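Below: the structure, in structure tokens.
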């Protein structure tokens, strides 16, 4: 069972990718796709259903090994080790690119956006999520309070999960525009209610049980590590109800735990297809 789908913030990201791929697939056929920063590979079987061939990459060799074992039955899926700041793929390779909460780990986020723009084909589409610098105070009141007086942070709440920095939506829009990527859609992912429900304890759980808790390029083995499967838990429906309520109440707020963007590379002529 993929226990992570019970956490509203994780589930919200997953639904953003899945539901938008369903919509996009009505108008686009994606021959080549890239999951940039696949981690443990728990999105890959879903993404592979929307494309002809999926390349899934990560800088962490242990995560790639686990992801490959998790998805052995997916025939159109290939794994490789890659650096998000220096991808080995040729220019204009992919019609679709997915990147879920990766950009906050790479050290040079603008460079990663540059690489996304380089490897996307003209007209190609990228779905990118990241934890927002403009998070609600209910999610991490300590770091929100500290931000008014100092640059120092505690490694919990918004800065758990190995987050040394967070990305502002305004910066991401600027980087996208600079690299020829149009923002097609921008969506809040998890507001004040979900922030309150997940305040601090999800970061603690990840530190205790996730094999690569800090999302590093390498990690020590952890005896208590829990690894996901591709099976969706029945209680995910309850999580979906929480997400719907949070969206109804706070979907238009300036602040959210995360952001989801759909961006598209400029199309030189109307005859090209992603």
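Residue numbers (the numbering used here): 2 to 275. The C-beta atom is built at its ideal place from N, Cα and C for all residues, glycine as well. It should be emphasised that the depicted structure is a prediction, and the values quoted were computed from it without experimental measurement.
Burial state of residue i (16 or more Cβ within 10 Å)
i, result
"residue 28", "exposed"
"residue 133", "buried"
"residue 91", "exposed"
"residue 110", "buried"
"residue 238", "exposed"
"residue 122", "buried"
"residue 267", "exposed"
"residue 191", "buried"
"residue 87", "exposed"
"residue 14", "buried"
"residue 81", "exposed"
"residue 146", "exposed"
"residue 5", "buried"
"residue 182", "buried"
"residue 259", "buried"
"residue 62", "exposed"
"residue 53", "exposed"
"residue 149", "exposed"
Where the beta strand (DSSP E) containing residue i begins and where it ends
i, result
"residue 80", "78–82"
"residue 100", "95–101"
"residue 34", "31–37"
Beta carbon of residue i nearer than 7 Å to that of residue j
i, j, result
"residue 101", "residue 130", "yes"
"residue 78", "residue 49", "yes"
"residue 59", "residue 39", "yes"
"residue 10", "residue 233", "no"
"residue 251", "residue 193", "yes"
"residue 151", "residue 120", "no"
"residue 22", "residue 51", "yes"
"residue 166", "residue 144", "no"
"residue 261", "residue 17", "yes"
"residue 25", "residue 56", "no"
"residue 263", "residue 128", "yes"
"residue 173", "residue 97", "no"
"residue 64", "residue 83", "no"
"residue 43", "residue 3", "yes"
"residue 168", "residue 177", "no"
"residue 85", "residue 37", "yes"
Simplified DSSP state of residue i, which is helix, strand or coil
i, result
"residue 265", "strand"
"residue 144", "helix"
"residue 54", "strand"
"residue 115", "helix"
"residue 60", "coil"
"residue 8", "coil"
"residue 66", "helix"
"residue 260", "strand"
"residue 122", "strand"
"residue 14", "helix"
"residue 135", "coil"
"residue 174", "helix"
"residue 249", "helix"
"residue 151", "coil"
"residue 279", "The chain is shown from 2 up to 275; residue 279 falls before or after that span and cannot be answered."
"residue 236", "coil"
"residue 128", "strand"
"residue 167", "coil"
"residue 3", "coil"
Whole-angstrom C-beta distance between residue j and residue i, which should lie under 8 Å
i, j, result
"residue 256", "residue 170", "Incorrect: roughly 10 Å between the Cβ atoms, too far for contact."
"residue 265", "residue 126", "5 Å"
"residue 99", "residue 113", "With a Cβ gap of about 13 Å, residue 99 and residue 113 do not count as contacting."
"residue 140", "residue 158", "6 Å"
"residue 12", "residue 247", "Between residue 247 and residue 12 the Cβ distance is about 11 Å, and since that is not below 8 Å, they are no contact."
"residue 189", "residue 89", "Not a contact, Cβ separation roughly 34 Å."
Limits of the alpha helix (DSSP H) - the one that residue i falls within
i, result
"residue 85", "Per DSSP, residue 85 belongs to no alpha helix (DSSP H) and is neither H nor E."
"residue 199", "193–199"
"residue 48", "45–49"
Contact test: residue i Cβ vs the ligand FAD heavy atom, cutoff 6 Å
i, result
"residue 9", "Annotation note on the ligand FAD: not contained in the displayed structure, which lists no ligands."
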